[in-house]
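A.B. asks: Following this message is one structure expressed as structure tokens.
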Amino acid sequence: MTVDILFPYYGDVELMKQAVRSVIGQSNPDWRLIVVDDGYPDESIPGWFASLNDERITYMRNEKNLGANGNYRKCLTFVENELVTVMGADDVMLPNYVQWLVDAAAAHPQASVFQPGVVVIDEHNAASNTLVEKTKAFYRPNHSTLLQGEDLALSLLRGNWFYFPSLGWRADAITQTGFRQGLNVVQDMALVLDIAMNGGALFYDKTLAFMYRRHGGSDSSWRALEGTRFDEERTYFTTIAAELEALRWKKAAKAARIRFSSRAHALTLLPKAALAKKWRGVKNLAVHVVK
1 MTVDILFPYY GDVELMKQAV RSVIGQSNPD WRLIVVDDGY PDESIPGWFA
51 SLNDERITYM RNEKNLGANG NYRKCLTFVE NELVTVMGAD DVMLPNYVQW
101 LVDAAAAHPQ ASVFQPGVVV IDEHNAASNT LVEKTKAFYR PNHSTLLQGE
151 DLALSLLRGN WFYFPSLGWR ADAITQTGFR QGLNVVQDMA LVLDIAMNGG
201 ALFYDKTLAF MYRRHGGSDS SWRALEGTRF DEERTYFTTI AAELEALRWK
251 KAAKAARIRF SSRAHALTLL PKAALAKKWR GVKNLAVHVV K
């Protein structure tokens with residue numbers, strides 16, 4: 001079964017090449033890689049992809065920058081096969097990832113989303129275990145399991161423990177649901193919760209198959225330090241709490257209103273923002289913690 005690997009790209013060129021090479025090195029060669037370059041300013045990139053001379057790889061460059069949400073939405077229009085992943089442009093697939101996804105989908109036909117075990121690395125490819133990772137590990141299931149309905153929503157709202165670029169998807173679930181417009185930070189959680197609210201299930205498997213990169217230079221990291229990402233989070237959690245109430249998922253709605261892990265994340269960033277003298281960020285973070 002062919003796996004469509006969507007690859008919205010804008011960022012570090014060398015890390016992007018490492019990510020692409022990890023796809024090429026898959027033990028199961030039955031995949032398509034669709035790279036959508038959102039106009040990163042490096043003219044060597046098209047030539048590098050051409051030099052790979054691999055018919056499984058499609059590279060295209062947007063004429064104008066669409067932003068994270070727009071580029072992710074564009075990527076979904078290129079899905080052709082039953083299984084899909086939306087890979088981060090600086091992450092690394094372990095050699096077993098494609099085969100793992102094919103096997104997991106076959107073994108769990110009731111699941112729409114698939115989360116493998118993940119190793120977190122930094123920009124230097126060293127293992128990373130930040131407070132964020134420790135928090136995710138606390139809330140993540142301690143064994144392979146299938147989650148759905150309010151149980152899935154509640155679990156994610158309490159700890160946001162999944163790693164979006166590592167997720168595998170059934171094509172009908174991700175394309176029919178799609179990314180909510182206007183979200184650039186929490187679009188990943190919104191997508192999974194929308195699938196859960198529409199009856200979809202997530203299978204979590206502890207089998208290691210992916211390396212997720214966390215580093216200070218990422219778009220989400222800078223948004224976090226400035227505090228601006230939390231404006232979007234706060235608005236989203238207010239919206240989703242009302243939608244969950246309408247479904248009578250009261251526990252999940254309460255978790256969305258409390259948004260404990262989001263507040264805690266902002267609190268941990270306050271000292272770092274102060275040391276960097278990002279005073280607007282300090283104010284935004286403090287507001288998010290208490291509001």
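Numbering (the UniProt record's numbering), first residue to last: 1 to 291. Where a beta carbon is used, it is the ideal one built from N, C-alpha and C, also for glycine. The model shown is predicted, which means the values in this text are computed figures rather than measured ones.
1) In the DSSP output, which residue or residues are listed as bridge partners for Val120?
2) Taking Ile45 as the reference, which of Met16, Ser22, Phe237 and Leu156 has the closest Cα?
3) Whole angstroms are fine: how far does the CA of Phe179 sit from the CA of Ala190?
4) Straight-line CA distance for Lys254 to Ala273?
5) Are there 16 or more other CB atoms within 10 angstroms of the CB of Pro116, so buried, or fewer, so exposed?
6) Between Lys291, Leu76, Asn62 and Lys136, which has its C-alpha nearest Ser261's C-alpha?
7) Among all the DSSP beta bridges, which residues are the ones paired with Met93?
8) Taking 8 Å as the threshold, find out whether the segment 32-44 comes into contact with the segment 101-117 through three or more Cβ pairs.
9) Are Arg263 and Val287 closer than 7 Å when you measure CB to CB?
10) Put Val79 into one of helix, strand or coil per three-state DSSP.
11) So within the segment 138-214, which uninterrupted beta strand (DSSP E) runs reach at least 3 residues, ignoring any that extend past its ends?
12) Do you know whose CA, among Trp249, Val118 and Thr2, lies nearest Asp151's CA?
13) Looking at C-alpha atoms only, which residue of Val186, Gln148 and Ala19 is the closest neighbour of Thr228?
14) In chain order, what residues of the same chain lie with their CB nearer than 6 Å to the CB of Lys251, ignoring the 5 residues before and after it?
15) Classify Arg61 as helix, strand or coil using the three-state DSSP reduction.
16) Where Val84 and Asn96 are concerned, what is the direct C-alpha to C-alpha distance, given to the nearest angstrom?
17) Buried or exposed: which applies to Leu193, given that a residue is buried once 16 or more other Cβ atoms fall within 10 Å of its Cβ?
18) Where Lys291 and Asn71 are concerned, what is the direct C-alpha to C-alpha distance, given to the nearest angstrom?
19) For Ala127, write down the residues that DSSP places opposite it in a beta bridge.
20) When you compare each of Ser166, Ala171 and Tyr139 to Ser22 by their alpha carbons, which one comes out closest?
21) Where does Thr2 fall in DSSP's three states?
22) Does DSSP classify Gln115 as helix, strand or coil?
23) Compare the Cα-Cα distances from Trp31 to each of Leu101, Asn62 and Leu66 and report the closest residue.
24) Would you tell me roughly how many angstroms separate the C-alpha atoms of Arg257 and Thr268, rounded to the nearest one?
25) Looking only at its own chain, which residues have a Cβ that is under 6 Å from the Cβ of Leu6, when we skip the five neighbours before and after it?
26) In terms of alpha-carbon separation, which member of Met197, Ser144 and Tyr139 lies closest to Ala246?
27) Can you name, in chain order, every residue of its own chain whose Cβ lies under 6 Å from the Cβ of Gly217, other than the five neighbours on each side?
28) Hey, how far is the Cα of Thr126 from the Cα of Leu94?
C.D. replies: Judging by the given coordinates:
1) Within the DSSP secondary-structure output, Val120 pairs in a beta bridge with Tyr212.
2) Closest by alpha carbon: Met16.
3) In this structure, the straight-line span from the alpha carbon of Ala190 to that of Phe179 is close to 7 Å.
4) About 29 Å.
5) So Pro116 ends up on the buried side.
6) For the residues Lys291, Leu76, Asn62 and Lys136, the minimum Cα distance to Ser261 belongs to Lys136.
7) DSSP, once it has assigned bridges, lists Phe210 as partnering Met93.
8) Short answer: they don't touch.
9) Result no, Cβ atoms of Arg263 and Val287 do not sit closer than 7 Å.
10) The answer is coil: DSSP assigns Val79 none of H, G, I, E or B.
11) 145-148, 168-170 and 201-213, all fully within the segment 138-214.
12) Ranking Trp249, Val118 and Thr2 by Cα distance to Asp151 puts Trp249 first.
13) Closest by alpha carbon: Val186.
14) Its chain contains Leu154 as the residues whose beta carbon lies nearer than 6 Å to that of Lys251, once the 5 sequence neighbours on both sides are disregarded; these appear in chain order.
15) In the structure shown, Arg61 sits in a strand (DSSP, three-state: E or B).
16) So the two alpha carbons sit approximately 15 Å from each other.
17) It is buried - the Cβ of Leu193 has at least 16 other Cβ atoms within 10 Å.
18) Lys291 and Asn71 have their C-alpha atoms some 32 Å from each other.
19) DSSP, once it has assigned bridges, lists Ile121 as partnering Ala127.
20) Looking at the Cα atoms, Ser166 is the closest of the given residues.
21) Residue state, collapsed to three classes: coil.
22) The answer is strand: DSSP assigns Gln115 an E or B state.
23) Of Leu101, Asn62 and Leu66, the residue nearest in Cα terms is Leu101.
24) Annotation: Arg257 to Thr268 spans about 20 Å, alpha carbon to alpha carbon.
25) Ile34, Cys75 and Val86.
26) It is Met197 whose Cα lies nearest to the Cα of Ala246.
27) Confidence in Gly217 is poor, its pLDDT being 49 and thus under 50, which makes the residue's placement unreliable; the coordinate value appears in the next sentence. Non-local C-beta neighbours of Gly217 in its own chain, meaning closer than 6 Å and more than five positions away in sequence, are absent.
28) Sequence inspection shows Ala at residue 126; the Thr mentioned does not correspond to that position. Their backbone Cα atoms lie some 15 Å apart in a straight line.
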